[in-house]
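Asker:
Numbering (our numbering), first residue to last: 455 to 644.
This is the structure in structure tokens:
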């Protein structure tokens with residue numbers, strides 16, 4: 455696993471690799487990098503290994519090398535505001551999902567989480583976590599609902615409040631009504 459050793463060292467080669475990876479994330483995005491990997495000094499580097507078929511030892515070993523990590527209250531802002539994300543999931547240190555969490559104890563719900571994630575004052579697209587292609591999905595979550603809040607994807611919702619309609623602003627600012635029934639059927643209207 456040459457890529458693991460490379461990331462563990464602290465020399466100019468590591469810095470060169472990370473600078474190249476940073477550039478690739480900006481141009482190709484995390485989804486493409488996870489799917490196709492990258493090249494570095496004539497080496498093909500896989501960043502993510504998919505689920506192996508049963509009985510294949512080498513792919514199973516590579517899949518086991520995927521490292522999932524979760525960071526709570528991740529500070530991301532380059533300015534003095536000290537802004538942070540509630541929760542972020544990484545695979546091999548690449549950002550996969552960002553979560554804005556709300557609950558009844560704080561008297562906030564999914565609408566508050568969506569509003570925060572969609573507000574350019576709070577989620578500046580110039581900040582790395584919010585630049586296009588930097589993260590696969592952003593979720594807003596409250597006690598009974600989870601919804602993706604990305605501008606470019608169809609929302610996915612799972613509502614355990616049975617047939618209750620939720621109004622919220624999705625990343626592009628349009629209002630959508632999402633209704634869920636007990637079998638998670640979703641209806642949308644723009």
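Think of the CB as a built atom: it goes at the ideal place given N, C-alpha and C, for glycine as much as any other residue.
Across which residues does DSSP place residue 498 in a beta bridge pair?
Answerer: For residue 498, which the question treats as bridged, DSSP gives the partners 493.
Asker: If you check the beta carbons only, do residue 503 and residue 581 fall under 8 Å apart?
Answerer: Not a contact, by the Cβ cut-off of 8 Å.
Asker: Just mark residue 554 as buried or exposed, buried being the case when its beta carbon has 16 or more other beta carbons within 10 Å.
Answerer: So residue 554 counts as buried.
Asker: Can we say the region 561–571 touches the region 502–518, given the rule of at least three CB pairs closer than 8 Å?
Answerer: Short answer: they don't touch.
Asker: Just the Cα atoms here: how many angstroms apart are residue 585 and residue 579?
Answerer: Straight-line Cα distance between these residues: approximately 5 Å.
Asker: Quick check: what's the CA-CA separation for residue 588 versus residue 600?
Answerer: Computed Cα separation, rounded: 21 Å.
Asker: Could you tell me which uninterrupted beta strand (DSSP E) segments, each at least 3 residues in length, are contained entirely in the region 488–560, listed from first to last along the chain?
Answerer: Runs found: 492–494, 497–499, 522–529, 538–545 and 548–555.
Asker: Around the C-beta of residue 465, are 16 or more other C-beta atoms found within 10 angstroms, so that it is buried, or is it exposed?
Answerer: Looking at its Cβ environment, which holds fewer than 16 other Cβ atoms inside 10 Å, residue 465 is exposed.
Asker: Label residue 540 either buried or exposed according to how many other C-beta atoms from any shown protein chain fall within 10 Å of its C-beta, with 16 as the threshold for buried.
Answerer: Buried, because 16 or more other Cβ atoms sit within 10 Å of the Cβ of residue 540.
Asker: Return the chain-ordered list of same chain residues with a C-beta closer than 6 Å to the C-beta of residue 467, the five sequence neighbours on each side being excluded.
Answerer: Excluding residues within five positions, none has a Cβ falling inside 6 Å.
Asker: Pairing CB atoms from the region 521–529 with CB atoms from the region 571–578, are three or more of them under 8 Å?
Answerer: Output reads no: the region 571–578 does not touch the region 521–529.
Asker: Which first and last residues belong to the beta strand (DSSP E) in which residue 595 is found?
Answerer: Taken as a continuous stretch (DSSP letters only), the beta strand (DSSP E) holding residue 595 covers 591–595.
Asker: Is residue 522 near residue 485, with beta carbons less than 8 Å apart?
Answerer: In this structure, residue 485 does not lie closer than 8 Å to residue 522 by Cβ.
Asker: Measuring only the C-alpha atoms, how far is residue 552 from residue 493?
Answerer: The straight-line gap from Cα to Cα measures roughly 27 Å.
Asker: Starting from residue 406, trace the alpha helix (DSSP H) in both directions and tell me its first and last residue.
Answerer: Because the chain in this structure spans residues 455 to 644, residue 406 falls outside the shown range and cannot be described.
Asker: Since I believe residue 567 is in contact with residue 602 (beta carbons under 8 Å), could you give me their beta-carbon distance rounded to a whole number of angstroms?
Answerer: Between residue 567 and residue 602 the Cβ distance is about 11 Å, and since that is not below 8 Å, they are no contact.
Asker: If you run the structure through DSSP and keep just helix, strand and coil, what is residue 580?
Answerer: Here residue 580 sits in coil by DSSP.
Asker: Any idea if residue 556 is buried or exposed, counting beta-carbon neighbours within 10 angstroms, 16 or more meaning buried?
Answerer: Label assigned to residue 556: buried.
Asker: Go ahead and pull the three-state DSSP assignment for residue 482.
Answerer: Helix.
Asker: Are the beta-carbon atoms of residue 472 and residue 548 separated by less than 8 Å?
Answerer: Their beta carbons are not under 8 Å apart, which means residue 472 does not touch residue 548 by this criterion.
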